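Asks: Submitted below is the structure of interest, expressed as structure tokens.
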Amino acid sequence: MKGLTALLALLILPPSLLFAKGKVYISADMEGIAGVVTGEQLGPQGFEYPRFREFMTNEVLAAIEGARAAGATEILVSDSHGNGQNLLIEKFPKDVQIVRAWPRPLMMMEGIDATFDAVLFIGYHTSTTNPEGVRAHTMSSANFADIRLNGVSVPEAGLNAAIAGHFGVPVALITGDAAIVKEARALLGDVEGAVVKWPLGFHSARTVTPDASCELIKEKARSAVARAGAFKPYRLKTPVELELRFKNYRPAEVLAYLPNVERADAHTVRFRGKDILEVARFLEFVLHYEPGLAP
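In my numbering, the protein residues as written are 490 to 784.
Rendered as structure tokens:
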């Protein structure tokens, strides 16, 4: 009876006491933000981009507010879309830090380590192999046709969850369209999901309003962080085998000149890293190396 009483006492404690000193990592993309459907919202050349930078920022701020309501005391945010310079950093609380621009050794998860308690994915989208989802792609819509880790095709959420899982940190929340919430849960388990739009095609969706998305994300982030201990890290067996399939054949041909890269077929290369961190660094090299890099 005493044990039951103690359990009930824990259950009625405020989240701040259940999750004291919690550290939360937020990785924010843009394709999964409410209202985003085309390139007009996603880059500096788009006529709606300035407004949607604000909407993206507000969804991340809502996640921060929800995480803090559940007791999180330290938060690191990764600006992980496009040029990595989308979030309006002046709007963030003074004690929040933001990772910006590229390249970064851990890509969309730069700064994650074993001291964090939970990861929140904001504004995410489906993989390039998924026939559903707004702006579906994996890391590079122009170049990559598939990314496989240990034989499993993964979206960006899977790749980033594996990086977090290397440090023993679970993903607790993903937000975006209905298709990515479904895809992520199939890979990561029953994580919290905030559906802010329903895809009608690659460039179309039915969407909630920005205010409604922020309300939903705040509540889901609060629930996710409060339940952080219930989620399991997504861990890969090591060494980790990456299969990277290109939309064109020449990148595969040239990368295969490297002694640690094998050409699996005309469009695909295979790289084996001792862990997911080595794989992430290789992918970042592929994404960003150019002979004319300067300064």
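Think of the CB as a built atom: it goes at the ideal place given N, C-alpha and C, for glycine as much as any other residue.
Note that the structure is predicted; figures quoted are calculated from it, not measured.
For the alpha helix (DSSP H) that Arg770 lies in, which residues bound it at each end?
Replies: 765–777
Asks: Which residues bound the beta strand (DSSP E) around Val588?
Replies: 586–588
Asks: Grab me the residues of Pro728's own chain with a C-beta within less than 8 angstroms of its C-beta, minus the 5 sequence neighbours each way, in chain order.
Replies: Arg761, Gly762, Lys763, Asp764
Asks: Counting only runs of 3+ residues fully inside the region 664–741, write out the beta strand (DSSP E) ranges in chain order.
Replies: Listed in chain order, the complete beta strand (DSSP E) runs (minimum 3 residues) inside the region 664–741 are 681–690, 693–696, 729–735.
Asks: Measure the alpha-carbon distance for Thr604 versus Ala561 and round it to whole angstroms.
Replies: 13 angstroms
Asks: Inspect the beta-carbon positions of Ala607 and Val513 and report whether they are closer than 8 angstroms.
Replies: yes
Asks: Does DSSP put Ala650 in a helix, in a strand, or in coil?
Replies: Helix at Ala650.
Asks: Provide the residue(s) that pair with Val549 in DSSP beta bridges, ordered along the chain.
Replies: DSSP, once it has assigned bridges, lists no residue as partnering Val549.
Asks: Report yes or no: do the region 700–711 and the region 719–726 share at least 3 C-beta pairs separated by less than 8 angstroms?
Replies: no
Asks: Let me make sure I understand the geometry here. Which of Ala523, Asp568, Val566 has the alpha-carbon closest to that of Gly665?
Replies: Ala523
Asks: Please classify Ala650: is it buried, with 16 or more other beta-carbons within 10 angstroms of its beta-carbon, or exposed?
Replies: buried
Asks: Can you give, in chain order, each stretch of the alpha helix (DSSP H) that sits fully within the region 601–646 and has at least 4 residues?
Replies: none
Asks: Arg695: which of Ala668, Glu537, Arg716 sits nearest, CA to CA?
Replies: The shortest Cα separation from Arg695 among Ala668, Glu537, Arg716 belongs to Ala668.
Asks: Give the DSSP-derived three-state secondary structure of Ile522 in the structure shown.
Replies: In the three-state reduction of the DSSP assignment, Ile522 falls in the coil class, being assigned neither a helical nor a strand state.
Asks: Are Val768 and Leu731 close, meaning C-beta to C-beta below 8 angstroms?
Replies: yes
Asks: Nearest to Tyr538 by CA position, among Met519, Leu550, Ile553, Ala551, is which residue?
Replies: Met519
Asks: Our contact map puts Ser569 next to Ser516 with C-beta atoms below 8 angstroms; I'd like the distance itself, whole angstroms only.
Replies: 5 angstroms
Asks: By alpha-carbon positions, which one of His777, Asn575, Leu609 ends up nearest to Asn632?
Replies: Nearest neighbour of Asn632 by Cα position, chosen from His777, Asn575, Leu609, turns out to be His777.
Asks: Kindly confirm or deny that the region 644–660 and the region 675–687 touch, where touching means at least three C-beta pairs closer than 8 angstroms.
Replies: yes
Asks: Judging by CA-CA distance, which residue of Gly640, Leu766, Asn572 is the nearest neighbour of His655?
Replies: Leu766
Asks: When the distance is taken between beta carbons, is Pro644 closer than 8 angstroms to Ala673?
Replies: With a cutoff of 8 angstroms on beta-carbon distance, Ala673 and Pro644 are scored as near each other.
Asks: Can you have a look at Arg739 and say buried or exposed, based on whether 16 or more other CB atoms are within 10 angstroms of its CB?
Replies: exposed
Asks: In terms of DSSP beta bridges, what is Thr757 paired with?
Replies: Arg734, Asp754
Asks: Opposite Tyr514 in the DSSP bridges: which residues?
Replies: Residue pairing by DSSP places Tyr514 opposite Leu565, Val608 in a beta bridge.
Asks: Excluding five sequence neighbours on each side, which residues of the same chain lie with their C-beta closer than 7 angstroms to the C-beta of Phe735?
Replies: Hits under 7 angstroms: Asn632, Phe633, Ala634, Ala741, His756.
Asks: Does the region 620–627 come close enough to the region 590–605 to have 3 or more Cβ pairs within less than 8 angstroms?
Replies: no
Asks: Classify Leu747 as buried or exposed, calling it buried when 16 or more other Cβ atoms lie within 10 Å of its own Cβ.
Replies: Flag for Leu747 reads exposed.
Asks: Exposed or buried, which one is Thr527 when buried takes at least 16 other CB atoms within 10 Å?
Replies: An exposed status is given to Thr527, since fewer than 16 other beta-carbon atoms sit within 10 Å of its beta-carbon.
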